[in-house]
Structure formats: C-alpha cells, structure tokens
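Here is the structure we will look at, set down as structure tokens.
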Amino acid sequence: MNCRDFGNKAVVGEDTRYIVVVGNPNVGKTALFNGLSGIYGDVSNFPGTTVDVCYGRIGKNIIIDTPGVYGISSFTGAEELVRDLVLTADVVIDVVDAGHLERDLFLTLHLIDLGLPVLIALNMSDETARYGLDVNREALEGILGVPVIPTVAVERTGVGALAKALPGARSGCRDPVLQGRLSEMAGELGTSEAMALLLLEGDASISAMLDLPPGNDRIYLYNKRRERVNQIVDLVSSDLQSPGNFPDLLGSIMIRPLTGFPVLFLVMTLMYLVVGVFFAQVVVDFTEGTVMEGYYEPFVRNNLAAFMDLDSPLGVILTGQFGLLTMAVTYVLGLLVPLVIGFFLVLSLLEDSGYLPRVAILMDRLLGLIGLNGLAVIPLVLGFGCVTAATITTRLLPTDRERRIAIFLLALAVPCSAQLAFVTAIMSRLGFTYFVLYVFIILVVMVTAGVVMAAALPGFSAPLLLDLPHLRVPRADNVLIKTWLRSWQFIKEAFPLFVGGSLFLSILRVTGTLELIQNSMDPITVGWLNLPRESASAFIMGLIRRDFGTAGILGLPMSTEDQFVAMVSLTLFVPCIASVMIIFKERGWKEGMVIWFSVLALAFMIGGLAARMLGFFTAVGGEAAPLLMMVVPAMLVCVVLAVASIVKRVC
215 MNCRDFGNKA VVGEDTRYIV VVGNPNVGKT ALFNGLSGIY GDVSNFPGTT VDVCYGRIGK
275 NIIIDTPGVY GISSFTGAEE LVRDLVLTAD VVIDVVDAGH LERDLFLTLH LIDLGLPVLI
335 ALNMSDETAR YGLDVNREAL EGILGVPVIP TVAVERTGVG ALAKALPGAR SGCRDPVLQG
395 RLSEMAGELG TSEAMALLLL EGDASISAML DLPPGNDRIY LYNKRRERVN QIVDLVSSDL
455 QSPGNFPDLL GSIMIRPLTG FPVLFLVMTL MYLVVGVFFA QVVVDFTEGT VMEGYYEPFV
515 RNNLAAFMDL DSPLGVILTG QFGLLTMAVT YVLGLLVPLV IGFFLVLSLL EDSGYLPRVA
575 ILMDRLLGLI GLNGLAVIPL VLGFGCVTAA TITTRLLPTD RERRIAIFLL ALAVPCSAQL
635 AFVTAIMSRL GFTYFVLYVF IILVVMVTAG VVMAAALPGF SAPLLLDLPH LRVPRADNVL
695 IKTWLRSWQF IKEAFPLFVG GSLFLSILRV TGTLELIQNS MDPITVGWLN LPRESASAFI
755 MGLIRRDFGT AGILGLPMST EDQFVAMVSL TLFVPCIASV MIIFKERGWK EGMVIWFSVL
815 ALAFMIGGLA ARMLGFFTAV GGEAAPLLMM VVPAMLVCVV LAVASIVKRV C
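Numbered by my numbering, the letters in the sequence shown go through residues 215 to 865 in order.
Structure, rendered in structure tokens:
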C-alpha cells in the first residue's frame, strides 16, 4: 500500500491526535515511521529519500512522515511543507542522529523555540561508540527539557519506548530572553509565539498571512541558536579514543577522483555482470526460453487448439504474435520479472550502502558541465528504476534551472527498469562491443543535451552541499523488502498495460489497421531509420510505454544493426504516460509539451543518424564498425564542450 494513500482514507475522530516525524535528511525518520505505524515507506542510506509526506496510524492517532529538512523557515518547498505540519501538530517527534548532534540539534532548538510539544528520538545510538562518541542522554534531556528516547530504528530498538513516551511530549526549555520577547510580540499582534518567531526570522509566508513586514532578525537568531547548540554538545558529548575504521577509509577513497573513478568503474562492471549477464542471460534463458516458450506457450496453444481455430480472429488475439495469453504473459513473467528483480536488488544495495552520495561528490565537477551539481546523481540513478519517481525526486535540486535540465535528461536518455530489462536482454545478444557503443551514444546524447541546455538557460548550477552518510553494510531484510515491494508494484502497474497493449495491437492486426499504420510510417521507420516496416508497431506502443515498445522488437526478424538502431531510438523515445503526466505537473503543460515533442524529434533524428553511420562504418570496417563509430560521437562531445566554453566566456 502506498503510504501516501493512507491519509486520504483515514477516518479522523474528534480525539485523533496528529504526530509529525521531522528531522534532518538521512537520520532514520522513515525507518522510525515504519516501526511506529507498521506501514512500509522507502528507507535508503542517502539524503532525500522521502520527498513527500506519508501517513500512518498509531492506534486512533495519525502519524506523518516528512521530508528531511535542516530548518523550517521556508527556504525551500520542503521546509514550508514541514513548517505547516508542525505548527498544527499535537506531537512533534524530532529524530536526531546521535553521531551528529552539532548538526541535528539546530533543528531541535528551532522546534523548541517555537513552543511545540516535542519528543526526541536519539537515533543510531548504537553507532556512537564506533565513531568515538559518548552521548549523555540524561544530561541532554535535562538541558532541553523534553523526553529523549534512544532508538535504533532499523532494528526497531526503542520504538516501543518511543510510542509509550508520546503522551509525555512537551514544550522544552527556551531561551528566557527570546521567550519574553516572543510573549510580548504575540500579545501585541494577537497571534501565537510560534508565528511571532517565524515573523522575526523573516518568513515571507507568515508575513503575508499576518499582513506585516517580515522581520530581519534571522541571522542574529540563527547565530544565537548555533551558540546554544555548541554549548549543549560540549556538555552532553565527549570524544572517546576511536581507532580508525575501514568504512571511513573506504569512504574517503570513493570520493577522490584518482581512486573514486576506478571504484565507480568496478561498481558499474559488477552491475553489468549481475544484471546484464546473470539475470539477463542465465536466469532469463531459463524463465523465458525453457519455462515460458518451452512449456507454457505450447501448453496454452495445444489446449486452445482443441476448442478453436488459432488462425481465427479470437485465436490471433489470444495466441498470435501479440497474444494475450502468449506474448503478454511470457514477456512479463519470463523476461521482465527476473530482470526487474535483479535491477532493484542491485539498486537497493547501492542505496543502503551509502555509496550514492559519494558518487554525487565524485561526479559533481563533471555534472557541472551539463548545468547540474552532484546531487543530480540521485534522481538520474533512480531514473533507472522509475523515471516517474525520479522526476518527482528532482525537487531535491536547489534551483529551477537544474530541475528543468534534470527532468529533460530523464525524459530523453534514462531508460526505466522495465525498458532497461528489455534493452539488456537484446543488447546481451548483440555482443559486448555493441553494448559499449549503445552506452556511449546514450551518454553522448545526454552530455550534449545537457551542455546545450546549460548554455542556453540563464543562471548557474548551485554548489553541492551534501551530508555524507556513513558507509554501512546493507541490511538484508530492508534490501529484500524494497526489492520485493518495488518489483511487485511494477508487476501490478505493467501487467494490465501489457495486456491492454497486446489486445490493442492484436485488434489492429486482425482488422488490418496495423498494416495501414505501418505503411503511413514507412518514411520514418523504413526510409529514415532503415528498419523493417513491422517495427512501426513498436513505436506505436512506445507512445504509451517505452518498455512495451522495446519489447515489440524482440519478436521481429531484424539484423544486428537494425536491432541496435531500434534500441537507440526507443531508449531516446518519449517517456511513459505516467512520467509525462508528472512532467506536466512539475513543469506545466506548455513546457511539458515542448519537452515531449523535443524528445520525440531527437529520438528519430539520432536513430536515423546512427543507422547511417553504422551502415557506413560496417562497409568500411566490418566487425570493427561499433568501435570505429565511437569516434564520431566523441568528436561531437569535444566540439559541443568547446563551443559551450566559448559561449560562457563571451556571455
């Protein structure tokens, strides 16, 4: 069940209390939410996993998980969202990383200064000794004046004690001078002390609500709060003698260019071996070739043949080229399911290990060439799981310019897990050189598009500000749960669409309409892309889902070169309808339509160019054509980067 659905379905009684879970990014809020509510929200070891609110229940009360924030003064949309939730909350659970008190207590003091009923979950308490820290929980509780409960959320340790402590949430010990000032302001303005504080800090939304000019005391108040945090940390924590540990050493190796890029190459190679070789070849050969095509499809055809003519319209719809009981079932269960499970398994391991933020730091300078900072690695990598979800995750990026570039690149050049499954299956049969050329072309397209957009759009990429989580050994239970839930969610979404697509194509085939459409698309598919005219059906279905369009290539008699051109064209094809709707929501209909038509035009243009270059280099170099062909895209990138550099200097 999607955790965000719960809030809409919950029946709220008069005695229902609202419990809001807040904290900095990557402190374990969602893991704690899962333990308290029993509802699974995505848990990963990188900041920004939660980009929306999730609702659950604790008895008759409603608990709300929120995006990670460093403050609630409406600097960002996430901070504004969290601010509105905590101001109306009955209890605020502030999740604090026990190993980062100097960072996390700033938000804690902000909540206390607002006079909110606060309960602190001192999370990751088991790791303090590992990093040479000793935290005096009792002293912290006494200084703050609110309950402090030690927890280890991923192991559910302390979750029960936290639930029992909820009635004890209370306003903490505030700075007496500040409290007196806020009390006086609240009385004069006829508002709450919390609103008075936000007004002093210059919160534009609160200022507009109260119809008063915003205050200019933000820097002063923040500096005073930082001084109090430093004093508290000195009083409640002490450094232990900590031996150097391997995770810290490995983490430093991963972010240095000289050692980090070889590590990244090794990780990508392992991903290819696991997903592209083991799952795409060994597992799929068994599930698709042996089980589905060897046993399931003959069983279906033999049994149906006893009752109907398989060449009749109904027989074609059920067991033909696009049969409901043959192609749709075989592709989903025999091909997609094992590949999607394999991909999500690897992605979950990378997420939970804490490696992705280190890739963000490593890639920051390179991504700067295309107008992004390293944080964009997170939505771009998540796009290989689901472009729709990754598009939402672009909200993490600090500027509208970066969000615009990232969304366009996701729509253009990032295949989702479903499409990647089919691409992997096909490319693994074409050979390693074609696979390398395919990856190279997609990267060149992404870099070129990004460089052009970065040069054309005003502004600059924001500097990368990112908290590095500790490297951890992924927990098997969380990895398996995430893999299963994501895969199951995919099956629920994809199977009906595959059935509907199969039915649609079968009806077009039976009525002769498919042939008419293929004829009308001949100038593009045959004339420009040099593909067989039957490939038109793949592009038709690609308008609905790119993965279904890619699947349509599998059953067509095509040469190695044709399959390669089709993979390039369909990878760059327009994203699925769900992604398009999210793009429209995030960027508006006008910009969304520009993105859609631009991606469509680029897909056909680049596919046709690839077909002609591959034909030329095949005639010149024979089997070495894929390697020779890499020269042209490489030269293109160099020219684009040089021109972009000149444009930047001139402008």
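Glycine included, each C-beta is placed from N, C-alpha and C at the ideal position.
Grouping DSSP H, G and I as helix and E and B as strand, with all else coil, what is residue i?
i, result
"Val360", "coil"
"Asn444", "helix"
"Glu407", "helix"
"Arg686", "coil"
"Leu347", "strand"
"Val366", "strand"
"Gly769", "coil"
"Arg747", "helix"
"Thr501", "helix"
"Arg432", "helix"
"Thr371", "strand"
"Arg384", "strand"
"Val740", "helix"
"Asn259", "Note on Asn259: pLDDT 47, under 50, position unreliable in the model; no value is reported."
"Cys852", "helix"
"Leu722", "helix"
"Gly673", "coil"
"Gly242", "coil"
"Val391", "helix"
"Pro427", "coil"
Return the first residue and the last residue of the beta strand (DSSP E) that residue i is part of.
i, result
"Ile758", "Segment: none, Ile758 is in no beta strand (DSSP E) and carries neither H nor E."
"Tyr486", "Run containing Tyr486: none; DSSP gives neither H nor E here."
"Ser421", "Run containing Ser421: none in the beta strand (DSSP E); it sits in the alpha helix (DSSP H), Ala418 to Leu424."
"Leu624", "Unbroken run through Leu624 is the alpha helix (DSSP H), Asp614 to Ala627; no beta strand (DSSP E)."
"Ala335", "Val332 to Asn337"
"Ser452", "Ser451 to Asp453"
"Val235", "Tyr232 to Gly237"
On the DSSP letters alone, give me the boundaries of the alpha helix (DSSP H) that residue i sits inside.
i, result
"Ala815", "Trp803 to Gly835"
"Ile210", "Outside the displayed range of the chain (215 to 865) lies residue 210, so it cannot be described from this structure."
"Ser466", "Phe460 to Ile469"
"Met173", "Here the chain has residues from 215 to 865 only, and residue 173 is not among them."
"Leu518", "Glu511 to Ala519"
"Val843", "Looking at the sequence provided, one finds Met at residue 843 rather than Val. Taken as a continuous stretch (DSSP letters only), the alpha helix (DSSP H) holding Met843 covers Ala839 to Met843."
"Ala494", "Careful: Ala494 lies outside any alpha helix (DSSP H) and carries neither H nor E."
"Leu730", "Thr727 to Ser734"
"Glu775", "Thr774 to Thr785"
"Ala604", "Val601 to Thr607"
"Pro593", "Val591 to Leu596"
Use the C-beta contact count for residue i: other C-beta atoms within 10 angstroms, 16 or more gives buried, fewer gives exposed.
i, result
"Gln633", "buried"
"Ile797", "buried"
"Ala815", "exposed"
"Cys630", "buried"
"Pro569", "Looking at the sequence itself, residue 569 is Tyr, so the reference to Pro does not match. Buried."
"Met522", "exposed"
"Leu743", "buried"
"Ile433", "exposed"
"Ala604", "buried"
"Pro840", "buried"
"Leu403", "exposed"
"Asn248", "buried"
"Ala627", "buried"
"Arg686", "exposed"
"Thr501", "buried"
"Met849", "exposed"
"Lys274", "exposed"
"Cys213", "There is no way to answer for residue 213, as the model of the chain reaches only from 215 to 865."
- Task: Specify whether the region 622 to 642 and the region 761 to 778 touch according to this definition: at least 3 beta carbon pairs, one from each stretch, less than 8 Å apart.
- Result: With the cut-off at 8 Å, the region 622 to 642 and the region 761 to 778 touch.
- Counting Cβ pairs, one atom from each stretch, are 3 or more of them under 8 Å apart for the region 358 to 367 and the region 380 to 392? Counting Cβ pairs under 8 Å, three or more are found: they touch.
- In the region 524 to 586, which residue ranges form an unbroken alpha helix (DSSP H) of at least 4 residues, counting only runs that do not cross its ends? Taking only runs of at least 4 residues, the alpha helix (DSSP H) segments lying wholly in the region 524 to 586 are 527 to 533, 551 to 567 and 569 to 582.
- Where in the region 268 to 316 do unbroken runs of the beta strand (DSSP E), each at least 3 residues long, occur, reported from the N-terminal end onward? Runs of beta strand (DSSP E) with 3 or more residues, each lying fully within the region 268 to 316, are found at 268 to 272, 275 to 279 and 305 to 311, listed in chain order.
- Message: Could you check whether the region 675 to 694 touches the region 726 to 738, counting it as contact only if at least three pairs of C-beta atoms, one from each stretch, sit closer than 8 Å?
- Response: The region 675 to 694, when compared against the region 726 to 738, does not touch it at the 8 Å Cβ threshold.
- Query: Touching or not, the region 704 to 715 and the region 617 to 626, by the rule of three or more beta carbon pairs under 8 Å?
  - Reply: No: the two stretches stay apart, fewer than three of their Cβ pairs being nearer than 8 Å.
- Task: Could you tell me whether the region 743 to 757 touches the region 557 to 573, where touching means 3 or more Cβ pairs closer than 8 Å?
- Result: When Cβ pairs closer than 8 Å are counted between the two stretches, the region 743 to 757 is seen not to touch the region 557 to 573, the count staying below three.
- Message: Three Cβ pairs or more, each shorter than 8 Å: is that satisfied between the region 397 to 415 and the region 369 to 385?
- Response: Contact fails: fewer than three Cβ-Cβ distances are below 8 Å.
- State whether the region 314 to 330 contacts the region 284 to 304, with contact taken as three or more CB pairs (one from each stretch) at a distance under 8 Å. As far as the Cβ criterion goes, the region 314 to 330 touches the region 284 to 304, which means the pair count is three or higher.
- Message: Under 8 Å: do the region 663 to 671 and the region 639 to 649 share three or more Cβ pairs, one atom per stretch?
- Response: They do not touch, by the three-pair rule.
- Does the region 530 to 543 come close enough to the region 712 to 721 to have 3 or more Cβ pairs within less than 8 Å? A contact between stretches requires three or more CB pairs, one per stretch, nearer than 8 Å, and the region 530 to 543 meets this requirement with the region 712 to 721.
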